[in-house]
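In the working numbering, the protein residues as written are 183 to 376.
Right, one structure below, let's go through it.
This is the structure we're talking about:
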């Protein structure tokens with residue numbers, strides 16, 4: 183079966199090598215600097231190799247965004263509130279590195295005009311929410327798309343609009359509020375919504 187075949191280590195090494203060069207180009211020159219011509223020259227691979235692994239630049243940016251996404255993932259132990267707070271802390275810390283934030287901003291910049299970028303952003307959100315839900319699964323808690331947006335929104339707002347890092351207090355407050363609402367302790371104003 184195809185799913186049982188381990189990935190070729192040479193392919194993994196090549197992809198990691200190319201992604202490192204793409205990340206460097208993106209961090210130093212922005213999205214416009216990441217052309218397949220420049221990337222093939224820097225990474226010393228053919229453009230055919232690039233297109234084989236990443237048929238579009240959006241696919242490359244998705245891999246760049248997801249490559250390090252797991253680094254900030256919590257271990258999965260603790261209460262659901264603690265797991266969510268650790269996840270948000272990892273996301274916040276990861277977004278402080280331009281090498282992590284730049285692929286997302288490149289996709290965001292093109293999303294309104296480019297369906298590929300728009301779809302790529304949705305894929306990233308789906309992937310990260312699924313990863314967090316996997317950590318929460320033993321507790322029986324699962325985040326809906328709206329809950330995930332309410333948790334991540336303020337952290338991403340702080341990074342990309344306020345141009346500062348979300349503080350620990352904000353992160354803990356978001357996780358605490360989510361868990362309180364989940365536990366049935368939502369405020370009366372929340373209960374009044376249809």
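Beta carbons: idealized from backbone N, C-alpha and C, even for Gly.
Cβ-Cβ separation, residue j to residue i (assumed contact under 8 Å), whole Å
i, j, result
"residue 246", "residue 195", "With 8 Å as the limit, residue 246 and residue 195 do not qualify as a contact, their Cβ atoms being about 17 Å apart."
"residue 234", "residue 347", "Their Cβ separation, rounded to whole angstroms, is 38 Å, which puts residue 234 and residue 347 out of contact at 8 Å."
"residue 286", "residue 356", "That belief does not hold up - the Cβ atoms of residue 286 and residue 356 are roughly 19 Å apart, past 8 Å."
"residue 256", "residue 268", "3 Å"
"residue 299", "residue 208", "Not quite, the Cβ-Cβ distance comes to about 14 Å (not below 8 Å), so this is no contact."
"residue 395", "residue 360", "Here the chain covers residues 183 to 376 and nothing more, so residue 395 does not appear."
Residue i, DSSP secondary structure in three states
i, result
"residue 189", "coil"
"residue 196", "helix"
"residue 309", "helix"
"residue 321", "helix"
"residue 376", "The pLDDT assigned to residue 376 is 40, lower than 50, so where the model puts this residue is not dependable, and the model offers no usable value."
"residue 295", "coil"
"residue 184", "At residue 184 the pLDDT is 45, less than 50, meaning the model places this residue with poor confidence and gives no usable figure here."
"residue 236", "coil"
"residue 369", "At residue 369 the pLDDT is 48, less than 50, meaning the model places this residue with poor confidence; the figure from the coordinates comes in the next sentence. Looking at residue 369 - three-state DSSP - the assignment turns out to be coil, as it is neither helix nor strand."
"residue 328", "helix"
"residue 279", "coil"
Option in the options with minimal Cα separation from residue i
i, options, result
"residue 213", "282, 334, 333", "282"
"residue 342", "219, 280, 198", "280"
"residue 239", "276, 337, 309, 221", "221"
"residue 362", "329, 215, 251, 201", "329"
"residue 321", "259, 290, 308", "259"
Residue j beta carbon less than 8 Å from that of residue i
i, j, result
"residue 358", "residue 263", "yes"
"residue 293", "residue 303", "yes"
"residue 218", "residue 229", "yes"
"residue 244", "residue 305", "yes"
"residue 311", "residue 325", "yes"
"residue 200", "residue 232", "yes"
"residue 309", "residue 248", "yes"
Beta-carbon contacts of residue i that lie in its chain and below 7 Å, excluding the five residues immediately before and after
i, result
"residue 184", "Residue placement at residue 184 is poorly supported in this model, since its pLDDT is 45, which falls under 50; the coordinates are not used for a value here."
Own chain, CB closer than 8 Å to residue i, minus 5 neighbours either side, in chain order
i, result
"residue 203", "221, 224, 225"
"residue 337", "270, 273, 274, 277, 348, 352, 353, 356"
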